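Working notes, structure below.
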Amino acid sequence: MITVEQYAQALHQAVEETNPKDHDKVLDNFVKILSENGDIGKYPEIEKEYERLQAKAQGIEEVTVITAQEMPHAKQLIGELNELAGKKLKVNHQVDPDLIGGMVIRAGDTLIDASVKHELAELGKAIREQV
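Quick note, the sequence shown lines up with residues 664 to 794 if you use the working numbering.
Structure representation (structure tokens):
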């Protein structure tokens, strides 16, 4: 069984190694292989993984910022994150009202949870340990 990551890596390599004018042929062959393997339903996941690989190859790191509500100053935050990281970032913003306030930032294997929900959970844990 071929994983989504393996398909995306194979597609990325095939596209990198071919002339841009032949990319349509590469994609046609790729879709044909997916269909023959019964994996055409995985295409959206493969596409997302391919885009991640392409961004990485271009030196762009993907970062997810989750906040409790829409951020009116999202562009400013993205600029500050780019400056702090010293590299290009692709920032995906998501809204999760359960966070109550604050934000959660994910970059690769790094997770920074500065949400009110997390802080309340930590406070609750500390109180239980004191009792």
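Virtual Cβ for every residue (Gly too), placed ideally from N, Cα, C. Computed from a predicted structure; not experimentally measured.
With burial defined as no fewer than 16 other Cβ atoms inside 10 Å of the residue's Cβ, what is the status of residue i: buried or exposed?
{"i": "residue 795", "result": "The structure shown does not extend to residue 795, since the chain spans only 664 to 794, so no value can be given for it."}
{"i": "residue 778", "result": "buried"}
{"i": "residue 726", "result": "buried"}
{"i": "residue 794", "result": "exposed"}
Ordered along the chain, which non-local residues of its own chain (more than five positions away) have a Cβ less than 6 Å from that of residue i?
{"i": "residue 731", "result": "760, 762, 763 and 764"}
{"i": "residue 723", "result": "751 and 753"}
{"i": "residue 741", "result": "754"}
Need the endpoints of the alpha helix (DSSP H) that residue i sits in, please.
{"i": "residue 709", "result": "706 to 720"}
{"i": "residue 696", "result": "686 to 699"}
Can you tell me where the beta strand (DSSP E) holding residue i begins and where it ends?
{"i": "residue 755", "result": "751 to 758"}
{"i": "residue 777", "result": "773 to 778"}
Sort the options by Cα distance to residue i and report the nearest one.
{"i": "residue 671", "options": "701, 688, 778 and 707", "result": "707"}
{"i": "residue 773", "options": "742, 728 and 740", "result": "728"}
In chain order, what residues of the same chain lie with their CB nearer than 8 Å to the CB of residue i, ignoring the 5 residues before and after it?
{"i": "residue 713", "result": "671, 674 and 675"}
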